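J.: Have a look at this one.
Number of protein chains: 2
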Amino acid sequence: MTRVRIDLFTSLDGYTSTTNHAPDNPMGEDWGRLTTAHIGTRTFRKRVFGDTTGAGTTGIDDSYTASFFEGVGAEIMGATMFGLHTFPDDPDWKGWWGDQPPFGVPVYVLTHTAPRPSIPMQGGTTFHFRSGAIEDVLAEATQAAGGLDVRVGGGVGTARDFLRAGLVDELHLMVAPILLGRGNRLWDDLAGLDLTHKVTSEVSESGTIHVTFAR
Amino acid sequence: MTRVRIDLFTSLDGYTSTTNHAPDNPMGEDWGRLTTAHIGTRTFRKRVFGDTTGAGTTGIDDSYTASFFEGVGAEIMGATMFGLHTFPDDPDWKGWWGDQPPFGVPVYVLTHTAPRPSIPMQGGTTFHFRSGAIEDVLAEATQAAGGLDVRVGGGVGTARDFLRAGLVDELHLMVAPILLGRGNRLWDDLAGLDLTHKVTSEVSESGTIHVTFAR
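Protein chains in written order, with the numbering used here: chain Z, 394 to 608; chain X, 394 to 608.
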């Protein structure tokens with residue numbers, strides 16, 4: 394059965410993304426510090442960078458990163474994550490991920506601007522643009538996933554919309570052992586999630602705290 | 394050598410204490426949920442409740458609770474934690490802990506109101522009231538500790554004063570796997586603590602995440 398999954402990076406002080414976003418630094422400052430453990434895993438290096446040398450960490454972080462990529466049949470993301478707000482006037486913008494994005498599945502981009510035609514990419518990714526209610530987009534993504542999971546990929550605003558609407562079966566947080574002191578706050582408006590979901594935590598070799606809320 | 398230690402309870406969303414404090418509920422609502430794991434340990438039950446039946450949890454939480462009570466030669470706390478703000482007009486107020494408080498060491502209560510005479514209690518605790526700078530009170534407490542550690546017991550405002558002043562060698566957080574969504578926020582103004590202190594984390598059988606910042 395399809396599960397709706399979210400994976401997010403956060404600091405110990407609860408900031409999920411960072412400040413000073415810019416076209417040449419779309420994730421903002423400090424993003425590298427939040428994602429060090431994930432990006433350093435063998436699975437990420439192989440899957441995203443095409444690194445087949447076997448470099449990268451193994452262990453608990455790598456196990457979560459492998460799960461991150463497994464069993465996802467469709468993805469949903471916000472317009473900001475895709476880059477529509479950074480490049481609003483470029484009808485040919487195809488996202489940040491090059492000709493062969495790492496998704497490999499249909500990706501539904503939420504947007505309130507004029508609809509764009511779908512963009513098929515190499516490697517199985519097709520970007521679709523949808524302006525409907527998130528419940529409707531989720532229904533379409535669930536059908537496209539064919540029994541696999543649907544991931545809400547981000548950004549944090551989109552993730553929180555789905556969480557607040559009670560649509561998420563599993564939230565996995567990668568809590569980096571750092572304090573950012575600024576950025577977007579994850580936790581506002583999410584009280585009660587611990588009552589509807591079971592919380593489990595595990596600390597990896599890198600000091601990352603993996604916290605999972607599962608329905 | 395004396396180390397300055399702080400132990401705090403926090404929720405996953407970073408709230409260290411709760412709302413609706415009242416004379417008959419001095420720690421506020423939700424405090425019980427924050428402290429369940431600590432209070433449920435065999436060591437806490439024996440040390441604070443005098444329970445010698447062996448009841449209570451063992452394991453990782455109990456190990457941290459045992460460390461909590463070990464090696465402390467003096468304690469510092471804020472006026473609110475002692476109860477001065479709840480009972481400002483009672484010159485005979487002796488704190489929340491009965492005739493034999495669980496500290497067993499000199500306790501320095503920070504206050505800006507008129508000085509009070511020290512109060513010797515049963516079991517080795519003496520309450521002293523000090524209105525000087527926190528650095529001066531810490532120097533006095535350090536001398537009284539005789540080579541043992543000084544604990545800054547709370548509340549969170551007092552703890553943050555010492556943390557911001559760079560006076561704390563070890564901060565131990567007991568992060569309960571719950572979301573409170575309200576209360577006093579731990580993390581404001583503490584960015585940078587991860588640069589001066591090494592961060593390590595461990596998850597206990599109860600799901601509590603023990604995070605330690607150590608100089």
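Glycine residues also receive a C-beta, built at the ideal position from the N, C-alpha and C atoms.
Given the structure is predicted, the values throughout are model-derived calculations rather than measurements.
Out of curiosity, what's the CA-to-CA distance linking residue 562/X and residue 604/X?
T.: In the second sequence, the residue the question calls residue 562/X occupies position 169. In the second sequence, the residue the question calls residue 604/X occupies position 211. Roughly 14 Å between the two C-alpha positions.
J.: Of the choices 558/X, 471/X, 409/X, 481/X, whose alpha-carbon is the least far from that of residue 567/X?
T.: To locate residue 567/X, count along the second sequence from 1; it is residue 174. Per the Cα distances, 409/X.
J.: In the DSSP output, what is residue 528/Z paired with across the bridge?
T.: If you number the first sequence from 1, residue 528/Z lands on position 135. Its beta-bridge partners do not exist; DSSP assigns none.
J.: With a CB to CB cut of under 6 Å and the five nearest residues on each side skipped, what residues in its chain are close to residue 545/Z?
T.: Position 152 of the first sequence, counting from 1, holds the residue named residue 545/Z. 399, 469, 552, 555.
J.: When the Cα of residue 573/X is compared with those of 402/X, 397/X, 483/X, 396/X, which residue comes out closest?
T.: As a first step, residue 573/X is located in the second sequence; it is residue number 180 there, counting from the start. Minimum Cα distance to residue 573/X is reached at 402/X.
J.: Roughly how many angstroms lie between the CA atoms of residue 611/X and residue 427/X, to the nearest whole one?
T.: In this structure chain X extends from 394 to 608, so residue 611/X is not present and cannot be described.
J.: Using the three-state DSSP reduction, which class does residue 470/Z fall into: helix, strand or coil?
T.: By one-based count along the first sequence, residue 470/Z stands at place 77. Reduced to three states, the DSSP call for residue 470/Z is strand.
J.: Decide if the segment 437-448 of chain X is in contact with the segment 584-592 of chain Z; the criterion is three or more beta carbon pairs, one per stretch, under 8 Å apart.
T.: no
J.: Could you check what DSSP says for residue 521/Z in three-state terms: helix, strand or coil?
T.: Against the first sequence, residue 521/Z aligns to sequence position 128. Strand.
J.: Would you mind telling me which residues of chain X sit closer than 8 Å to residue 584/Z, beta carbon to beta carbon, in chain order?
T.: In the first sequence, the residue the question calls residue 584/Z occupies position 191. Those are 406, 572, 573, 574, 575, listed as they occur along chain X.
J.: For the alpha helix (DSSP H) containing residue 552/X, list its first residue and its last residue.
T.: The residue given as residue 552/X occupies position 159 in the second sequence. Note, residue 552/X: alpha helix (DSSP H), 549-557.
J.: Return no unless some Cβ of chain Z is closer than 8 Å to the Cβ of residue 594/X.
T.: Taking the second sequence and counting its residues from 1, the one referred to as residue 594/X is at position 201. Chain Z contact via Cβ: present.
J.: For a contact defined as C-beta to C-beta under 8 Å, what are the partners of residue 580/Z on chain X?
T.: Position 187 of the first sequence, counted from the start, is the residue given in the question as residue 580/Z. Residues of chain X passing the Cβ test: 405, 406, 407, 572, 574.
J.: Is residue 425/X close to chain Z? Criterion is C-beta to C-beta, closer than 8 Å.
T.: Within the second sequence, the letter at position 32 stands for residue 425/X. Not closer than 8 Å to any Cβ of chain Z, the Cβ of residue 425/X fails to qualify, so no.
J.: In angstroms with no decimal places, state the Cα-to-Cα distance between residue 575/X and residue 575/Z.
T.: Residue 575/X sits at position 182 when you count from the first residue of the second sequence. Residue 575/Z sits at position 182 when you count from the first residue of the first sequence. Taking the straight line joining both Cα atoms gives about 19 Å.
J.: Note down, one range per segment and in chain order, each beta strand (DSSP E) of at least 3 residues found wholly within the segment 455-520 of chain Z.
T.: 465-471, 499-503
J.: Is there at least one Cβ from chain X nearer than 8 Å to residue 454/Z's Cβ?
T.: For the purposes of this step, residue 454/Z is taken as residue 61 along the first sequence, with counting starting at 1. Not closer than 8 Å to any Cβ of chain X, the Cβ of residue 454/Z fails to qualify, so no.
J.: Residue 531/Z and residue 560/Z - do their beta-carbons sit closer together than 8 Å?
T.: In the first sequence, residue 560/Z corresponds to position 167, counting from 1. In the first sequence, residue 531/Z corresponds to position 138, counting from 1. Against a cut-off of 8 Å, the Cβ pair of residue 531/Z and residue 560/Z comes out as a contact.
J.: Residue 523/Z to residue 451/X, Cα distance in whole Å?
T.: For the purposes of this step, residue 523/Z is taken as residue 130 along the first sequence, with counting starting at 1. For the purposes of this step, residue 451/X is taken as residue 58 along the second sequence, with counting starting at 1. Roughly 53 Å separates the two Cα atoms.
J.: Can you tell me the Cα-Cα spacing of residue 502/X and residue 539/X, whole angstroms?
T.: As a first step, residue 502/X must be located in the second sequence, where it is residue number 109. As a first step, residue 539/X must be located in the second sequence, where it is residue number 146. Whole-angstrom Cα-Cα distance: 19 Å.
J.: Report the rounded CA-to-CA distance for residue 430/X versus residue 483/Z, giving the unit in angstroms.
T.: Numbered from its first residue, the second sequence carries residue 430/X at position 37. Numbered from its first residue, the first sequence carries residue 483/Z at position 90. Cα to Cα, residue 430/X sits roughly 55 Å from residue 483/Z.
J.: Less than 8 Å between CB atoms is the rule here; does residue 399/Z satisfy it with respect to chain X?
T.: Taking the first sequence and counting its residues from 1, the one referred to as residue 399/Z is at position 6. Closer than 8 Å: no.
J.: Residue 579/Z by DSSP, collapsed to three states: which one?
T.: As a first step, residue 579/Z must be located in the first sequence, where it is residue number 186. Residue 579/Z: coil per DSSP, three-state reduction.
J.: Quick one: is residue 394/Z buried, meaning 16 or more other Cβ sit within 10 Å of its Cβ, or exposed?
T.: Counting from 1 along the first sequence, the entry for residue 394/Z is found at position 1. So residue 394/Z ends up on the exposed side.
J.: What separation, rounded to the nearest whole angstrom, lies between the Cα atoms of residue 558/Z and residue 592/Z?
T.: Position 165 of the first sequence, counted from the start, is the residue given in the question as residue 558/Z. Position 199 of the first sequence, counted from the start, is the residue given in the question as residue 592/Z. So the alpha carbons of these two residues sit roughly 19 Å apart.
J.: What's the call for residue 507/Z, buried or exposed, on a 16-neighbour Cβ count within 10 Å?
T.: Here the question's residue 507/Z lines up with position 114 in the first sequence. With fewer than 16 other beta carbons inside 10 angstroms of its own, residue 507/Z counts as exposed.
J.: Sort 491/X, 465/X, 433/X by Cα distance to residue 455/X and report the nearest one.
T.: Sequence index remark: in the second sequence, residue 455/X carries index 62 (1-based). Nearest option by C-alpha distance: 433/X.
J.: Verify the CB distance criterion: does residue 562/X have a CB-CB separation below 8 Å to chain B?
T.: The structure shown contains no chain B; its protein chains are Z and X.
J.: Can you check DSSP and say which residues form a bridge with residue 545/X?
T.: Taking the second sequence and counting its residues from 1, the one referred to as residue 545/X is at position 152. For residue 545/X, which the question treats as bridged, DSSP gives the partners 469/X.
J.: Are residue 518/Z and residue 494/Z closer than 8 Å when you measure CB to CB?
T.: For the purposes of this step, residue 518/Z is taken as residue 125 along the first sequence, with counting starting at 1. For the purposes of this step, residue 494/Z is taken as residue 101 along the first sequence, with counting starting at 1. The answer is yes: Cβ separation under 8 Å.
J.: Spatial neighbours of residue 473/X within its chain, please: CB distance less than 6 Å, with the 5 preceding and 5 following residues excluded, ordered by chain position.
T.: Within the second sequence, numbered from 1, the residue matching residue 473/X stands at position 80. Excluding sequence neighbours, residue 473/X sits near 548.
J.: Check whether the Cβ atoms of residue 596/Z and residue 594/X sit closer than 8 Å, and answer yes or no.
T.: Taking the first residue of the first sequence as 1, we reach residue 596/Z at position 203. Taking the first residue of the second sequence as 1, we reach residue 594/X at position 201. Yes.
J.: Taking 8 Å as the CB-CB limit, is residue 483/X close to chain Z?
T.: The residue given as residue 483/X occupies position 90 in the second sequence. Chain Z, which has no Cβ nearer than 8 Å to the Cβ of residue 483/X, makes this no.
J.: Please determine, among 541/Z, 602/Z, 598/Z, 571/Z, the residue with the shortest C-alpha to C-alpha distance to residue 462/Z.
T.: For this step, residue 462/Z is matched to residue 69 along the first sequence. Considering only alpha carbons, the answer is 541/Z.
J.: For residue 605/Z, which residues does DSSP report across the bridge?
T.: The residue given as residue 605/Z occupies position 212 in the first sequence. Its beta-bridge partners are 565/Z, 593/Z.
J.: Helix, strand or coil for residue 428/X, going by three-state DSSP, please let me know.
T.: Position 35 of the second sequence holds residue 428/X. If DSSP states are grouped into helix, strand and coil, residue 428/X belongs with the helices.
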